[in-house]
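The structure under discussion appears below in the form of structure tokens.
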Amino acid sequence: EQCHDSIQTMSLGSEILADVCELLSTCVNWMGLGIQLGLDYSRLREIEIERHLNVSSCRIDMIAAWLRKEDKVMKKGGPTWKQLIEALIVIKEIHLSEKIFEKLMKQRKVSNPVRSEKKKRRRDLSTDEKRSVKKRKKEMKKRRKSSDTDSDNEESGETHRYKKRKIIHKESGNDSSDNDDEKEEMTSKVKRKIIESSFDSHES
194 EQCHDSIQTM
204 SLGSEILADV
214 CELLSTCVNW
224 MGLGIQLGLD
234 YSRLREIEIE
244 RHLNVSSCRI
254 DMIAAWLRKE
264 DKVMKKGGPT
274 WKQLIEALIV
284 IKEIHLSEKI
294 FEKLMKQRKV
304 SNPVRSEKKK
314 RRRDLSTDEK
324 RSVKKRKKEM
334 KKRRKSSDTD
344 SDNEESGETH
354 RYKKRKIIHK
364 ESGNDSSDND
374 DEKEEMTSKV
384 KRKIIESSFD
394 SHES
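Here the sequence shown is numbered in this note's numbering, starting from 194 and rising by one per residue.
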């Protein structure tokens with residue numbers, strides 16, 4: 194922003210007369226612009242008479258007088274881009290003021306190579322950061338995939354052990370059931386013997 198301000202407030206000289214004339218080539222109200230830039234009305238009338246009301250010639254002489262800092266130009270801020278833009282806004286030449294502003298913005302980019310280089314470095318750094326982030330994401334995805342595979346293997350092993358324990362438990366459960374059946378059969382036999390012996394003793 195400081196660079197941009199310095200361009201706007203930089204004092205202009207007669208060496209850029211052609212540039213300014215080209216930028217203001219469509220400005221018809223050259224006299225109103227001259228008054229806003231600090232030139233006396235009497236001087237502008239003299240220019241008008243000398244140039245026989247030729248708008249283009251009058252405009253050139255008016256701009257030349259402004260760049261020479263005639264009359265009250267310095268009281269208005271001197272011949273600067275900022276002063277020219279403000280004067281154009283006052284006389285309702287908004288399009289021309291925007292045209293000059295755009296020119297200054299382009300000059301700013303060209304005249305500040307250090308800033309352009311810094312911007313380029315930031316852009317390069319941003320590209321490197323993006324690559325780094327992409328690489329980290331790829332590594333994390335690879336680790337996650339490896340972790341999922343290990344988890345699946347562990348779960349498969351755990352399932353296998355569970356099934357094995359279940360089979361063993363089932364087999365041991367069958368043995369226990371067989372033992373219970375044998376015990377029950379033996380108990381029934383003992384009961385029958387007791388009943389038979391009690392009947393025999395009663396008869397005798």
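Virtual Cβ for every residue (Gly too), placed ideally from N, Cα, C.
Judged by their CB atoms, D233 and D254 are not nearer to each other than the 8 Å cut-off.
Selection E286, V326, I228, N222 evaluated against K268 yields I228 as nearest (Cα-Cα).
For L246, no alpha helix (DSSP H) run applies, since DSSP gives it neither H nor E.
Between the C-alpha atoms of L297 and D212 there is a straight-line separation of about 12 Å. For L277, same chain residues with a beta-carbon under 6 Å away, outside a window of 5 residues either side, do not exist.
For C214, the enclosing alpha helix (DSSP H) starts and ends at 210–216. Each residue's CA atom was taken as its position, placing G231 and C251 some 16 Å apart.
With contacts defined by Cβ atoms closer than 8 Å, L260 and L226 do not form a contacting pair.
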